[in-house]
Amino acid sequence: MTAAVSARMEMPWRLRKHTGLAGVLILIAAVSLVGGLVSDRFITLNNFLNVFEQTTDLALVSIGQTLTILSGGIDLSVGSLISLTSCLTSGLINNNPDRIIPVVIGVLALGMLVGFVNAGLVVALRVHPLIVTLGMGAVLQGVTLLYALGPVGRVPRGFNFLAYGRVYGLPLGATIAVLLCLLIALALRNLPLGRQVYALGDDTNSARLVGLRRTRILMLVYGCSGFCCAATGLYLAARFGVGQPYTGVNYTLASITPVVLGGTLLSGGKGGVIGTLLGAFLIALLNNLLNFMDVSKHYQLVAQAVIIILAVSVYVERRRTV
Amino acid sequence: MLTLAGISKSFPGVRALSGVDLKVRPGEIHGLLGENGAGKSTLIKVIAGAYAPDEGEMRFADAPARWSSPRDAKRHGVHVVYQEFALFPQLSVAENIFVGQERRNRLGLVDHARTRRDARELLERLGVLLDVDAAVSSLSIADQQMVEIARAMVHNVKLLVLDEPTAVIAGREVALLFDRLRRLRESGVSVLFISHRLDEVFAICDRVTVLKDGRLVGTHEIADVTRERLISMMVGRELGDLFPARSAEPRSGETVLRTEGVAVGERVRDISIELKAGEIVALAGMVGAGRSELALGLFGGVPILRGAIHLNGQRFTSMTPARAIELGMGLVTEDRKSQGLAMLLDIAANITGPALSEVARRGLVDRRLENEIAAREIGRYRIACRGPATKVATMSGGNQQKVIVARWARICKSVLILDEPTRGIDVGAKAEIYRIMRELAASGVAILMISSELTEVIGMADRIIVMRAGRVTGELAGREATEESIMRLATSERAA
Chain F
1 MTAAVSARME MPWRLRKHTG LAGVLILIAA VSLVGGLVSD RFITLNNFLN
51 VFEQTTDLAL VSIGQTLTIL SGGIDLSVGS LISLTSCLTS GLINNNPDRI
101 IPVVIGVLAL GMLVGFVNAG LVVALRVHPL IVTLGMGAVL QGVTLLYALG
151 PVGRVPRGFN FLAYGRVYGL PLGATIAVLL CLLIALALRN LPLGRQVYAL
201 GDDTNSARLV GLRRTRILML VYGCSGFCCA ATGLYLAARF GVGQPYTGVN
251 YTLASITPVV LGGTLLSGGK GGVIGTLLGA FLIALLNNLL NFMDVSKHYQ
301 LVAQAVIIIL AVSVYVERRR TV
Chain H
1001 MLTLAGISKS FPGVRALSGV DLKVRPGEIH GLLGENGAGK STLIKVIAGA
1051 YAPDEGEMRF ADAPARWSSP RDAKRHGVHV VYQEFALFPQ LSVAENIFVG
1101 QERRNRLGLV DHARTRRDAR ELLERLGVLL DVDAAVSSLS IADQQMVEIA
1151 RAMVHNVKLL VLDEPTAVIA GREVALLFDR LRRLRESGVS VLFISHRLDE
1201 VFAICDRVTV LKDGRLVGTH EIADVTRERL ISMMVGRELG DLFPARSAEP
1251 RSGETVLRTE GVAVGERVRD ISIELKAGEI VALAGMVGAG RSELALGLFG
1301 GVPILRGAIH LNGQRFTSMT PARAIELGMG LVTEDRKSQG LAMLLDIAAN
1351 ITGPALSEVA RRGLVDRRLE NEIAAREIGR YRIACRGPAT KVATMSGGNQ
1401 QKVIVARWAR ICKSVLILDE PTRGIDVGAK AEIYRIMREL AASGVAILMI
1451 SSELTEVIGM ADRIIVMRAG RVTGELAGRE ATEESIMRLA TSERAA
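Chains as they are written, first to last, in this note's numbering: chain F, 1 to 322; chain H, 1001 to 1496.
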């Protein structure tokens, strides 16, 4: 094959790898445009940094969710795990600055462990992840309530920095979420196991025939999801200053939205975490816009839903024609 | 290269392989022939490490081989390309080739450049020009097959097993495939080529082994056998009393179904056939000839692309299953588990399934009436079960098949299509199904039976229509047809 031919073949590949992001980028541009018309304070660095900051929690949990969906599964235990980890964070630290580091490490490890158990159950019981994680979610919510029936503990002022701090002008929590996202994106792209996540999600049966090790892949995927939930729990504890037993409830379903908006197929095998990050940003931006327009919180939910369904229908259409 | 001695394998109720010997030499293309159900698939799975044999010994590359898993077999150089490929449609060609064997750099990370370069090189060695970055779903089936074969070469394949590789490709693609297989042979790879197309076996194989009913019939140098000899090795068996006697004179009732240049799916073209009331017509041909697609098209399960169907004197250019049922047509599909029965429901629900309005009282299903109907059918077809409430999933294949035949026989007044009605069921149940078919025909229903079992075709059919590659290649009278004459039509190149 001549160099000319192979060079020509490489171009569309580079482009194709990113077509999944086009939709979410267009939507972000569209929302920004409308925002600019609504208020001259919308397209300002300050507002975008605010929106960026408000993206943190949803971005963190959705990044983990992206992995489970890519592998052809889903993690419905995320909400309860966030509640549990946020309660444990404030409850165990209990206003004692010396405990911050061990508790943070412990909580992140616990999140991963829950993910490993999810993966282990999926493999051992041969039950669909939907059911396993739904059950795990119920168990974790129960455990959380056994630990605390209401707001529990307190975090020291310094810990709030995670939620409200700015480093070189950038919101700390959101910056951490972006770094985590980039790290996972690199892992998905460059680790053999990362490539296999896509393969498994694309065709489970082929994965079996080819001899991929499903257990390892699922451990990675659900472990990451658990880790991301724990990070979200830490962040929420820092933001509210206290852990609450129902703080994570809404995240279970909310975590799926950015994934889909970011171009990841719900059936797995195609997509990535960068898109999810942009998807989370889009939702925060949309809420921000609706705030500017003085639309009530309740309508914000409706508007979100409409956009999601429209966006998904567009993706579906495109997939059919390609 | 590979030596099998006395391999046996049983499944509950079936002895799939008994005492099979097979020797594949290094660097030869070895054909494995046999009818459906002859045990080819089971044998492949034993070789691939997917099944452990109950008895017998396997040696591979001069060492005893006891595979613990397909992965293990692959590591030793046995690679199987199944008929339904093990590909990942959304991943690129290069990624598909190296999945599970990722090309890594010193850090253990995926080396994308090398992956693509090596993929290109492997494909070049096969003589295939493909964009290694293209998604596999965008490739033709023939190219997808090449991706599978290229993947085998990554594993340093010594024995490549191809399960009916030509069932999904045609003409020029087959020639290309053969060309590439010869290249592989020159590089010392052995190929086990499973097929039931004789032309192809003669075109490519060095030696050929024939299986029948799970037993070895024989292995021959291809130069030492004739087509006729192979056919008789594959099918030659006594016609027992399995088939109920035909009625004395050939029936010729009214034409109930006539098709006019019907085209369905990707391959089925120009089908003009006729069914008369009270006759049993067999649709013979090889797997992949398009018979099931045609049946689905007639029943409205897939759209008719061109042509028309005349049913009971009415002309239709499109059909839906609901309309077909209304007009007295029925279809017993090939795969009773996924396309016929509701496995988790009971017999009664399965029998009344397509005719629920009949058992409804004021919009609700009357269970007692449903059970009465089921009980009557159970008696009539001698279905072995505890009663109408028996769950279908717990029954034997033969009895399941009787349930589904009973369902359609009850409501079907003009045309009943049966797709491989006796596949995978025991002899007793077969005889019952044959009896039911004859009874239905005697009552004036036109029966179209798709079957790959030639004995069954000859034993049952008043007329035999043979298809090959989506077209009708000929028609034979049931009384005059021989297995050889059918095979000739089913495997010959299409008459221009």
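Note that beta-carbon positions come from the ideal geometry of N, C-alpha and C, so glycine has one too.
- For V1110/H, the residues of chain F that pass the 9 Å Cβ criterion are R189, N190, L191, P192, G194, R195, in the order they occur in the chain.
- Residue burial is scored here from C-beta neighbours: E1279/H has at least 16 other C-beta atoms within 10 angstroms and is therefore classed as buried.
- Of G248/F, H298/F, G268/F, A238/F, the smallest CA-CA separation from T89/F is found for A238/F.
- Apart from the 5 residues on each side of it in sequence, T1333/H sits with its Cβ closer than 7 Å to the Cβ of Q1339, G1340, D1419 in its chain, given in chain order.
- Look at T1390/H here: in three-state DSSP terms it is coil, with no helix or strand label.
- For the options L1283/H, R1059/H, G1330/H, the alpha carbon positioned closest to that of G1301/H is the one of G1330/H.
- Contacts between Q1339/H and chain F, judged by CB atoms closer than 7 Å, are missing: the closest CB pair is about 18 Å apart.
- Within 9 Å of the CB of A1086/H, the CB atoms of chain F belong to D203, N205, S206, A207, R208, L209, V210, in sequence order along the chain.
- In this structure I176/F is not in contact with I63/F, their Cβ atoms being roughly 11 Å apart against a cut-off of 8 Å.
- Within its own chain, the residues whose Cβ lies closer than 6 Å to the Cβ of A284/F, once the five positions on either side in sequence are excluded, are V51, Q54, T55, listed in chain order.
- Contact between the region 229-236 of chain F and the region 104-111 of chain F is present: three or more C-beta pairs spanning the two stretches fall below 8 Å.
- In the three-state reduction of the DSSP assignment, V295/F falls in the coil class, being assigned neither a helical nor a strand state.
- Within chain F, the residues L209, G211 have their CB atoms less than 8 Å from the CB of P1070/H, given in chain order.
- Note on geometry: alpha-carbon atoms of L58/F and Y251/F lie some 7 Å from one another.
- Residue nearest to T1455/H within the set A1431/H, G1470/H, A1442/H, A1389/H is A1431/H (criterion: CA-CA distance).
- In this chain, V221/F is not harboured by any beta strand (DSSP E); it is covered by the alpha helix (DSSP H) spanning 214-240.
- Considering only beta carbons, the part of the region 236-270 of chain F lying closer than 7 Å to chain H consists of G269, K270, in chain order.
- Rounded to whole angstroms, I1447/H and D1462/H show a C-alpha spacing of 10 Å.
- Here A1374/H is buried: its Cβ has 16 or more other Cβ atoms, across all protein chains shown, within 10 Å.
- DSSP places V114/F within a helical segment (H, G or I) once states are collapsed to three.
- The C-beta of A199/F comes closer than 9 Å to at least one C-beta of chain H.
- Assignment of F1085/H by DSSP, reduced to helix, strand and coil, places it in the coil class.
- Membership of G1278/H in any alpha helix (DSSP H) is not indicated, and neither H nor E is assigned to it by DSSP.
- In the assembly as shown, P1388/H is a buried residue. Its beta-carbon has 16 or more other beta-carbons within 10 Å.
- Chain-order list of chain F residues neighbouring R1104/H: P192, by C-beta distance under 9 Å.
- Contact annotation: L1294/H and V1256/H have beta-carbon atoms that are not nearer than 9 Å.
- Just measuring C-alpha positions, the residue of I1304/H, E1266/H, F1299/H sitting nearest G1288/H is E1266/H.
- As DSSP reads the structure, L1344/H sits in no beta bridge.
- Apart from the 5 residues on each side of it in sequence, V1268/H sits with its Cβ closer than 6 Å to the Cβ of G1290, E1293, L1294, G1470 in its chain, given in chain order.
- Per DSSP, E1221/H lies in no alpha helix (DSSP H); the unbroken beta strand (DSSP E) holding it starts and ends at 1215-1221.
- H1030/H is classed as buried because its beta carbon has at least 16 other beta carbons within 10 Å across all chains shown.
- Boundaries around T1042/H are those of the alpha helix (DSSP H), 1040-1048, since no beta strand (DSSP E) includes it.
- In chain order, Y198, A199, D202 make up the part of chain F whose C-beta sits under 7 Å from the C-beta of L1091/H.
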